[in-house]
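Peer 1: When we follow the UniProt record's numbering, the leftmost residue of the sequence shown carries the number 1, and every step to the right adds one.
For each residue, glycine too, the CB sits at the ideal point set by N, CA and C.
Have a look at this one.
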Amino acid sequence: MTKPRNYLHTQTSNSLSIHSQSSEDTLTSSGAARLVRLRNLLETVQADLLFSDHLQLIHYLTGFRGSNGSLLVSRHPGESPYLCTDGRYLEQAAFQAKEHGIDISIDTRPILGPDGIITTHRKQMVIAVDMSSLNLTNYLQLKESGKPLVDVSASLADMRAHKDAAEIAAITKASTVADRAITQTLSHLKDSPTELELAGWFEYYVRECGAEGVSFPTIIASGSRTSLPHAQPTRQRIVAPTPMVIDFGAMVDGYCSDSTRSFYFGEPPTNYQRTYEIVTAAKAAGVAQLRPGNTVHAVERATRDYLRAHKVEEYLLHGVGHGVGLEIHEYPFTASAIDVAVEPDMCITVEPGLYYAHDFGIRLEDLYLTTAATPISLTNSSGEGVSFG
């Protein structure tokens, strides 16, 4: 095993250093490729190190999925990334870094604070940080170190927005699992379950179908509660005839899927059918813009233009879409003040909804993989349709 250099400390008895099986494996792994992209970024902004306490970014770069950690990455390829965590995670971090295909040094010695690696290092160095996620205490300690900081949050978000093959495979599997699980879940409607019971069935089937769990707390609403965009399941029993909204997702290797189905359990009234048709057409208008040459704002604008033409835009209470990856809501956001070009290998939802307070709501959402041409829908569950049962 090679010894960490420069900013990394001499390993103690509590430390672990892990290396991939061969240089060929490392060079071809997604983990190694991500570190190359990061180091190119650090070179561009003339930063010596990246410091991060953002757990999803740490997972992205190292494979580590614990609940406590901070990371240093040098722009020099010969210096192993350093992960600081506590004793609960030393063995886990080593195993997950090996699976990720990277060389990494792991220890409990802090990066910041009076005895931290950065604080005690006399060399003047420029430190790159993600200001959009940086813990305030860590920010203040970095400032106290006297070392210059450079914000690379926009570049890191853009890097993570462009999914590599491993990420696409995980998100695709999560989407497929969620599709299968929701189909099996809906078979229980005949038993008039409560919303909470139906959510429980979905979570059971997600694991049975091969995911590690749900990607967010499942949203299930029936009756007038469907007008609440993020309704929490209750003990309300689902009995036909009633409108329903189910927002659901699965998680595979830490990556999320996201989908929403709305339908009428029983025979839908005319106003419900008409609203469903409007939301369906508005969604199609947005999806048509989800291609290179456009921006994410075009998706938002096209969807809203359709709803405005039908005099119902005021009933859309949220943005039309967002990125999905290690986080269920991540960059880019179609309604953000920052516009973003649509490029291949992004995973973005399109999810218009109309919500009539104390009456009913309809949201239709699918997750799309952008390509050089038309986007591919990753979510294709059979639960879609104006009526069910």
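1) Expressed to the nearest angstrom, what Euclidean distance is found between the alpha-carbon atoms of L364 and L61?
2) If we count Cβ pairs, one from each stretch, closer than 8 Å, do we get three or more for the segment 249 to 257 versus the segment 208 to 217?
3) Check for me: the beta strand (DSSP E) holding V251 runs from which residue to which?
4) On the three-state DSSP scale, how would you describe N271?
5) By alpha-carbon positions, which one of I182, R304, V36 and H297 ends up nearest to residue 391?
6) Please state whether DSSP places R34 in a helix, a strand or coil.
7) Take the Cβ of residue 390 as the centre, count every other Cβ of all protein chains shown within 10 Å, and call the residue buried at 16 or more, exposed below.
8) To the nearest angstrom, how far is it from the Cα of L140 to the Cα of E327?
9) Just the C-alpha distance for L378 and P148, rounded to the nearest angstrom, thanks.
10) Where are the beta strand (DSSP E) runs, 3 residues long or more, that stay fully inside the UniProt domain "Creatinase N-terminal" (34 to 161), in chain order?
11) Quick check: F202 and T185, are their CB atoms within less than 9 Å of each other?
12) Could you give the distance in angstroms between the alpha-carbon of A372 and the alpha-carbon of D345?
13) Under the three-state reduction of DSSP, which class applies to T172: helix, strand or coil?
14) In its own chain, which residues sit with a C-beta less than 6 Å from the C-beta of K283, not counting the 5 before and 5 after it?
15) Spell out a yes or no on whether the segment 186 to 198 and the segment 269 to 281 are touching, meaning 3 or more CB-CB pairs, one atom from each, closer than 8 Å.
16) Return helix, strand or coil for G353, following the three-state DSSP convention.
17) DSSP on I338, reduced to helix/strand/coil?
18) Go through its chain and collect everything with a Cβ distance to L290's Cβ below 7 Å, but skip five positions before and after it.
19) Between E267, V324 and L112, which lies nearest to Q56 when the distance is taken from Cα to Cα?
20) Determine the burial state of L161: buried for a count of at least 16 other Cβ atoms within 10 Å of its Cβ, exposed for fewer.
21) Ignoring anything shorter than 4 residues or poking outside the segment 178 to 228, list the alpha helix (DSSP H) runs there in chain order.
22) Out of L307, L41, F388 and F360, state which residue places its alpha-carbon closest to the alpha-carbon of A157.
23) Using only alpha-carbon positions, find the residue among R109, E330 and A335 that is nearest to H318.
24) Hey, quick one: how far does the alpha helix (DSSP H) through R363 stretch, first residue to last?
25) Quickly, what does DSSP pair Y255 with across the bridge? List them, please.
26) Report the rounded CA-to-CA distance for H100 versus R34, giving the unit in angstroms.
Peer 2: With the given structure in hand:
1) Translated into positions along the sequence shown, residue 364 becomes position 364. Translated into positions along the sequence shown, residue 61 becomes position 61. C-alpha separation (whole angstroms): 33 Å.
2) Output reads yes: the segment 208 to 217 touches the segment 249 to 257.
3) Position 251 of the sequence shown, counted from the first residue, corresponds to residue 251. The residue you asked about is not Val; residue 251 is Met in the sequence shown. Here the beta strand (DSSP E) through M251 covers A250 to V252.
4) Residue mapping note: residue 271 aligns to position 271 of the sequence shown, counting from 1. Three-state DSSP puts N271 in a helix.
5) Beyond the ends of the chain as shown, which are 1 and 389, falls residue 391; an answer cannot be given.
6) Here the question's residue 34 lines up with position 34 in the sequence shown. In the three-state reduction of the DSSP assignment, R34 falls in the helix class.
7) In this structure the chain extends from 1 to 389, so residue 390 is not present and cannot be described.
8) By one-based count along the sequence shown, residue 140 stands at place 140. By one-based count along the sequence shown, residue 327 stands at place 327. Within the model, the alpha-carbon separation for L140 versus E327 is close to 26 Å.
9) Within the sequence shown, the letter at position 378 stands for residue 378. Within the sequence shown, the letter at position 148 stands for residue 148. Each residue's CA atom was taken as its position, placing L378 and P148 some 43 Å apart.
10) Here the runs fully enclosed are 49 to 52, 70 to 74, 82 to 84, 104 to 107, 127 to 129 and 149 to 151.
11) Counting from one through the sequence shown, the residue named residue 202 turns up at place 202. Counting from one through the sequence shown, the residue named residue 185 turns up at place 185. Their beta carbons are under 9 Å apart, which means F202 touches T185 by this criterion.
12) By one-based count along the sequence shown, residue 372 stands at place 372. By one-based count along the sequence shown, residue 345 stands at place 345. Distance from the CA of A372 to the CA of D345, rounded to the nearest whole angstrom, comes to 9 Å.
13) As a position in the sequence shown, residue 172 is number 172, starting the count at 1. Helix, per DSSP.
14) Taking the sequence shown and counting its residues from 1, the one referred to as residue 283 is at position 283. Within the same chain, K283 has close Cβ partners V350, P352 and L364.
15) No: fewer than three Cβ pairs fall under 8 Å.
16) Reading the sequence shown from its first residue, position 353 is the one you call residue 353. Here G353 carries a strand assignment [DSSP, helix/strand/coil].
17) By one-based count along the sequence shown, residue 338 stands at place 338. In this structure, I338 counts as coil in the three-state DSSP scheme.
18) Here residue 290 is taken as the residue at index 290 of the sequence shown, counted from 1. These residues qualify, in order along the chain: V299, V342, I348, V350, Y368, T370 and P375.
19) Start at 1 with the first residue of the sequence shown, and residue 56 comes out as number 56. Q56 has its Cα closest to that of V324, out of E267, V324 and L112.
20) Sequence index remark: in the sequence shown, residue 161 carries index 161 (1-based). It is worth fixing the name first, because residue 161 is Ala in this sequence and not Leu. It is buried - the Cβ of A161 has at least 16 other Cβ atoms within 10 Å.
21) With a minimum length of 4 residues, the continuous alpha helix (DSSP H) runs that stay inside the segment 178 to 228 are 195 to 208.
22) The residue labelled residue 157 in the question sits at position 157 within the sequence shown. Of the listed residues, the one whose Cα sits closest to A157 is L41.
23) On the sequence shown, position 318 is the one that residue 318 refers to. Of R109, E330 and A335, the residue nearest in Cα terms is A335.
24) Position 363 of the sequence shown, counted from the start, is the residue given in the question as residue 363. Where R363 is concerned, there is no enclosing alpha helix (DSSP H), although the beta strand (DSSP E) around it starts and stops at F360 to R363.
25) For the purposes of this step, residue 255 is identified with residue 255 of the sequence shown, where counting begins at 1. Residue pairing by DSSP places Y255 opposite V252 in a beta bridge.
26) In the sequence shown, counting from the first residue as 1, residue 100 sits at position 100. In the sequence shown, counting from the first residue as 1, residue 34 sits at position 34. For H100 and R34, the distance between alpha carbons rounds to 10 Å.
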